[in-house]
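FYI, this note's numbering numbers position 150 of the sequence shown as 166, with every residue one higher than the one before it.
Each residue gets a CB set at the ideal place from its N, CA and C atoms; glycine is no exception.
Small disclaimer: the values here were computed from a predicted structure and weren't measured.
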Amino acid sequence: MNARRALLNLALALALLLVAWLIVEARKPPPTVAEQPVSEISRIQVDERFTLRREGARWWLAEPRRLPASPEQLQRLLDFLGTPVGETLRVAELELAPLGLEAPRLTLRLNGESLAFGTLDPMSKQRYLQRGDQVLRVLDPISSTLGGPWWNFVDRRLFAEGARVRSVAFSDGRRLGSEDAQGWEALRATIVSPEPAAPVAAPWVRIVTEQGERRLRLRRETPAGLWDVEQKMLYQLPRRWLDEWFGPEADDA
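In structure tokens:
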């Protein structure tokens, strides 16, 4: 009788342990594309083409040029890395070539973690990703951007969030004070791209903020915009804005 009671108690204890384990497992967050927590990622390298780095609360394009990174593109990328994944497959049980993982279309390095992008599954339209000895299948909204030029990840804003313009001075002598310059802080280019050559004899504008001074030259030919003298980057802007600031027939300065 005592032996039977002991067995029942043991069975009950094992059942309780199983229930507790199931509860703990159910409360665990599902695995994500990045094995490490997204909040701990501080460096993202895309192939050998460009590198993004987090410094404090802000992300920067670190290579090939040091420029502020686009908050929108970074958030899209981080959201993707934090996407929950369901089924995971073992590399040892698969042929990688048909999945596009023998020669990946691109590779991310997240701190010390590697993530290789393969082909799309024709049925599920999910992309195969290799992470260590595992293969994942996930919806992929980001690889086309990652596979594009590095300047896709440059911040299109001319000024960081919270910047306050103190003055705007034009090469023809016009000057705007802080009250008249309201709205310049929110300027956002349609495209930002590298442009090594300065516009020849072009009018310029000097903008002073609390963080410092920026000098930009007008480029009228297509693509039109403002060329940053220090960064050697062209901030493409609507031509009507340029005409409003410099006049449709602005003289060279």
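In summary, Gly164 is exposed, with fewer than 16 beta-carbon neighbours lying within 10 Å of its beta-carbon over all protein chains present. Counted as a single uninterrupted DSSP element, the alpha helix (DSSP H) harbouring Trp257 occupies residues 255-262.
Sequence-distant partners of Glu71 (beyond 5 residues in either direction) whose C-beta falls short of 8 Å from its own C-beta are missing from its chain.
Residues Ala185, Glu229, Arg231 of the same chain have their beta carbon placed closer than 7 Å to that of Arg222, with the five preceding and five following residues left out of the count. Under the 8 Å Cβ criterion, the region 130-149 does not count as touching the region 169-185, having fewer than three qualifying pairs. Counting C-beta pairs with one atom in each stretch, the region 55-73 and the region 104-119 have fewer than three that are closer than 8 Å, which means they do not touch. C-alpha of Gly116 to C-alpha of Tyr144: approximately 8 Å in a straight line.
Judged by DSSP secondary structure, Arg92 falls within the alpha helix (DSSP H) whose first and last residues are 87-97. With respect to the C-alpha of Pro254, the residue from Ala240, Gln247, Gly263, Leu192 having the closest C-alpha is Ala240. Burial check for Leu155: the Cβ neighbour count within 10 Å stays below 16, so the residue is exposed.
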